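Residue numbers are given in my numbering: position 27 of the sequence shown equals residue 54, and the series is strictly consecutive. Glycine residues also receive a C-beta, built at the ideal position from the N, C-alpha and C atoms. Quick caveat, the model's predicted, so the values are computed rather than measured. Working notes, beginning with the structure itself.
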Amino acid sequence: MKTPAGKECPYFYGNYFRGRKQEECRLIGNQPSPYHWGSDLCKTCSVPEIVLANACPHMQLQAKVQSFLFGLIRRVKVLAYCEKSHSIVEEPQIGCGQCHPFPPFIPKE
């Protein structure tokens, strides 16, 4: 479903039937204030780009809201975990490197 920022995200849910405006992020869930989700966080969230770049079925995403500068700036921090290699994924857009290895003709950096 499209987020208020215009990106396609599988974790965003919006119910607009008959004038309702119920929106939620099913990845973050219901957290107490100041770590609660708001539609303003969709503008800077990296989850839609991660899902678009890497569709590995073994990668599990976790997200939480972090606040900076005494709560004036809020951002979504995304953590990725690979169930196949049992490790934290450092680059979620690329993956862990074990599920989808590079072909032998592409050099690793």
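- Residues of the same chain with a CB within less than 6 Å of the CB of I55, apart from the 5 flanking positions on each side, are W64, A90 in chain order.
- Cβ atoms of C72 and G122 stay farther apart than 8 Å, at about 19 Å.
- Around the Cβ of M28, a 10 Å sphere holds fewer than 16 other Cβ atoms; the residue is exposed.
- Taken in chain order, the unbroken stretches of beta strand (DSSP E) that lie wholly in the stretch 91 to 135 and span 3 residues or more are 100 to 109, 114 to 116.
- Per DSSP, the beta-bridge partners of Q49 are N42.
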